[in-house]
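Our numbering puts the first residue of the sequence shown at 166, with every later residue one more than the last.
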Amino acid sequence: MDIEDLSKSQLLLLTILVNFVVSIATGVLTVSLLAAVPTTVTQTVNKIVDHTIETIATPIQVVTNPAPTQSNEEPLTVAVSADVARTVLIYKTSTTSPALAYGVYLPVSKAIATVSSGALPQNVLVQFSNGETAEASLSKASGSLSIFGFADNETLPKAPAAVLPPADTLKQGQTIVGINKDSAALTGIVSKVDEAGIHSTLSDIPPGAAIVNLSGAVVGLAGLTPNLFISADRILLLLQA
166 MDIEDLSKSQ LLLLTILVNF VVSIATGVLT VSLLAAVPTT VTQTVNKIVD HTIETIATPI
226 QVVTNPAPTQ SNEEPLTVAV SADVARTVLI YKTSTTSPAL AYGVYLPVSK AIATVSSGAL
286 PQNVLVQFSN GETAEASLSK ASGSLSIFGF ADNETLPKAP AAVLPPADTL KQGQTIVGIN
346 KDSAALTGIV SKVDEAGIHS TLSDIPPGAA IVNLSGAVVG LAGLTPNLFI SADRILLLLQ
406 A
């Protein structure tokens, strides 16, 4: 039979048969050649095949962006912000006259704690950090430390609650923050704590201004002696007296 007489189906079957025979022959020839080559060549070929399969089978690792971590500066900025929000100025009758003293606003107690070298008036005008003002009256005093209170119906600005940690919780070398007369934030450390108060490397903090730790808690007030601060314990005692 001439090949030209074959139908398309027969030609297709013949092509498949030829390819099958050629594949078998190629496989036999390959096995024979591999059997004849040195063992080292066979091992190298096997390693290449194994490595290729292993590379293909290795799952693709998906790289995701890590969750943002809190920077070392963030607690410090939060503490400074809380200290600024609670810092007040105390005037006699009007903000046009020089301020009598600095003070710290205690939102929960609706009170102002301050320090002064002399006696303060019974009634004062308090200016908050946002510029608002409110009248306050002297309620308690002990030495240079004074507490002023507001009327029960007085609407006062919002500010972070002032936590007053005991002095015995402070540690030497602990970072503290204060605001000076130029509204600049200053940092220092606790040098030591004794019966006189909190000794610190912080300087130029005006009397009555608060110092805070990195949590924003009020650890004390600047006293009349440079680098010596009245502890929060004394403020608590006077509030509870």
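C-beta atoms are modelled at their ideal positions from N, C-alpha and C, and glycine is treated no differently.
Could you give the C-beta distance for residue i and residue j, rounded to a whole number, given that I count them as a contact under 8 Å?
i, j, result
"residue 281", "residue 271", "The Cβ separation is near 17 Å, so there is no contact."
"residue 291", "residue 255", "6 Å"
"residue 337", "residue 368", "About 18 Å; that fails the 8 Å criterion."
"residue 404", "residue 274", "6 Å"
"residue 378", "residue 341", "6 Å"
"residue 313", "residue 289", "6 Å"
"residue 147", "residue 401", "Outside the displayed span of the chain (166 to 406) sits residue 147, for which this structure offers no information."
Could you check what DSSP says for residue i in three-state terms: helix, strand or coil?
i, result
"residue 376", "strand"
"residue 173", "helix"
"residue 394", "strand"
"residue 290", "strand"
"residue 366", "coil"
"residue 239", "helix"
"residue 388", "coil"
"residue 403", "helix"
"residue 335", "coil"
"residue 190", "helix"
"residue 184", "helix"
"residue 197", "helix"
Give me the DSSP bridge partner(s) of residue i.
i, result
"residue 354", "340"
"residue 305", "312"
"residue 300", "290"
"residue 383", "377"
"residue 359", "362"
Inset, instruction - Could you tell me whether the stretch 247-260 touches the stretch 344-354, where touching means 3 or more Cβ pairs closer than 8 Å? - result: Touching, per the Cβ criterion.
Legend entry - At least three beta-carbon pairs within less than 8 Å, the stretch 295-313 to the stretch 382-402: They touch, by the three-pair rule.
Legend entry - beta strand (DSSP E) runs contained entirely in the stretch 309-333, provided each spans 3 or more residues: Within the stretch 309-333, the complete beta strand (DSSP E) segments at least 3 residues long are 310-314, listed from N- to C-terminus.
Inset, instruction - Take every Cβ of the stretch 327-341, pair it with every Cβ of the stretch 376-386, and state whether three or more of those distances are shorter than 8 Å. - result: Of all C-beta pairs linking the stretch 327-341 to the stretch 376-386, three or more are shorter than 8 Å, placing the two stretches in contact.
Inset, instruction - Only counting runs of 3 or more residues, tell me where the beta strand (DSSP E) segments fall wholly within the stretch 243-287, in order along the chain. - result: List check, beta strand (DSSP E) in window: 252-256, 266-271 and 276-280.
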